[in-house]
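Add 242 to a position in the sequence shown, counting from 1, and you land on the number used in our numbering. Working notes, beginning with the structure itself.
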Amino acid sequence: GRTVFPAMETNWETHPNLSPQTNNDLKVVQAIIAEAVRAYNADPKRVYVTGFSTGGFFAHFAAFALPNQVAAFASNAGGLVRCATTSGCVFTGSGSTCATLAQSSGWCSCSGTDKPSPVPSSGRKVPGYIGTADNDGVVSPYYSCALASRMMALGYTTSLNIRSGGGHSWPPHFLPNAWSFLSSHVLP
243 GRTVFPAMET NWETHPNLSP QTNNDLKVVQ AIIAEAVRAY NADPKRVYVT
293 GFSTGGFFAH FAAFALPNQV AAFASNAGGL VRCATTSGCV FTGSGSTCAT
343 LAQSSGWCSC SGTDKPSPVP SSGRKVPGYI GTADNDGVVS PYYSCALASR
393 MMALGYTTSL NIRSGGGHSW PPHFLPNAWS FLSSHVLP
């Protein structure tokens, strides 16, 4: 297997430019996939995207924008934002399910445009592994719950993993656990 992972010094380009033809970061992802297949003989049916925080938001954004190039995604501390900004929801709580967290005081109830992009209701439904900490004070677990809920409602294969504590972090077990999920999905 091959692993390629670009790092960003700034935020990834997402909302409102959702087009793979005009979004420069999606063009970069497509070029990386093409070069990995060409130069390293990577299996084009086993391309996965992962990310943390802004990268977590971009992971599912890229997967939804490129459903015929991405087999599955893993997002940690990302999600679906319906607030005006990511900092619009500062909820943290204690619980291992969204239902438990939603009963806590301060649970968000933002409404608005889905960012970084809507979850597609048609076409290939890219499977997603979603992780968050119940006490993430930077990217609220509300956003991961919103993404998982929307995906499940639309029939996507989804694994939501809420860990107790840890805050806004990339835990060492995230990728090994996500790999079990990712590697079980292959493009048709």
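All residues carry an ideal CB built from backbone N, CA and C; glycine is no exception.
Beta-bridge partners of residue i, as assigned by DSSP
{"i": "ALA316", "result": "THR292 and TYR371"}
{"i": "ASN403", "result": "GLY373"}
{"i": "VAL323", "result": "LYS357"}
Backbone CA spacing between residue i and residue j [nearest angstrom]
{"i": "TYR371", "j": "VAL270", "result": "23 Å"}
{"i": "THR399", "j": "PRO369", "result": "5 Å"}
{"i": "VAL440", "j": "ASP285", "result": "A query on residue 440 cannot be resolved here, the shown segment of the chain reaching from 243 to 430 and no further."}
Candidates the options: closest to residue i by CA position
{"i": "LYS367", "options": "THR296, PHE315, GLU255 and PRO258", "result": "PHE315"}
{"i": "GLY321", "options": "PRO418, ASP378, GLY337 and VAL279", "result": "ASP378"}
{"i": "PRO430", "options": "PRO309, SER347, LEU268 and HIS410", "result": "PRO309"}
{"i": "LEU402", "options": "PRO413, PHE423, VAL428 and GLY408", "result": "PHE423"}
{"i": "THR328", "options": "ALA344, HIS302, SER295 and ALA301", "result": "SER295"}
{"i": "GLY348", "options": "SER336, TYR282, SER317 and ARG280", "result": "SER336"}
{"i": "CYS350", "options": "SER338, LYS357, GLY365 and CYS331", "result": "CYS331"}
Whole-Å CB distance - residue i paired with residue j, under 8 Å assumed
{"i": "ASN266", "j": "GLU277", "result": "About 16 Å separates the two Cβ atoms, so there is no contact after all."}
{"i": "SER382", "j": "THR334", "result": "7 Å"}
Assigned secondary structure, residue i (DSSP; H/G/I helix, E/B strand, else coil)
{"i": "LYS287", "result": "coil"}
{"i": "VAL257", "result": "Note that residue 257 is His in the sequence shown, not Val. Three-state DSSP puts HIS257 in coil, outside helix and strand."}
{"i": "ASP378", "result": "coil"}
{"i": "TRP349", "result": "coil"}
{"i": "ASN419", "result": "helix"}
{"i": "HIS302", "result": "helix"}
{"i": "VAL431", "result": "With the chain covering only 243 through 430, there is no way to say anything about residue 431."}
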